[in-house]
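Read the structure below first, then the notes.
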Amino acid sequence: MAQRHADRHHTRCSLIALFTQLPLAQGLTGNQQQALFWLAILLAVVILGGAAILLIRNKFLSKDEDEQPAGFTLSDLRELRDSGEMSNEEYEAARAKMIAKVKQSLEADTEKKRKQNERE
């Protein structure tokens, strides 16, 4: 444990020593150089954290758009029926399922928006 602490201290001191060689840090006292170093580290953490939050947020927001199935449209079903690849009974059953799924999706969206409005 003491060795790990010593290694971290050595690494930190090495980074601070490297940082003090930058033109911006010339002419500053040791404490000022160390404060400037930690300020730069803090700034980097804030920028990287903000970027990570934006990436995660965009990933979750775009997930809603990807949930829409890329299946048949009513027009596709009509073409299959008209070309004889699907019987009238199959067409009506598929059409009814598709319409029910769209209605369910619309009801879920309406409920979601209603709950959001209630929170506001």
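To convert a position in the sequence shown, counted from 1, into the numbering used here, add 23. Every residue, glycine too, gets a C-beta built ideally from N, C-alpha and C.
Inter-residue Cα distance where the pair is residue i and residue j
i, j, result
"residue 107", "residue 95", "16 Å"
"residue 105", "residue 130", "31 Å"
"residue 132", "residue 120", "18 Å"
"residue 73", "residue 67", "10 Å"
"residue 117", "residue 125", "12 Å"
"residue 139", "residue 109", "42 Å"
"residue 89", "residue 142", "The pLDDT assigned to residue 89 is 49, lower than 50, so where the model puts this residue is not dependable; a value taken from the coordinates is nonetheless given after this. In a straight line, the C-alpha of residue 89 is about 26 Å away from that of residue 142."
"residue 52", "residue 135", "58 Å"
"residue 122", "residue 128", "10 Å"
"residue 55", "residue 71", "24 Å"
Per-residue DSSP class, three states only, for residue i
i, result
"residue 133", "helix"
"residue 95", "coil"
"residue 73", "helix"
"residue 113", "helix"
"residue 107", "coil"
"residue 66", "helix"
"residue 100", "helix"
Interface flag, residue i vs chain C, CB-CB below 9 Å
i, result
"residue 50", "Protein chain content of the structure displayed is limited to a single chain, and chain C is not contained in it."
Residues near residue i in its chain [Cβ-Cβ closer than 8 Å; skip 5 each side]
i, result
"residue 98", "none"
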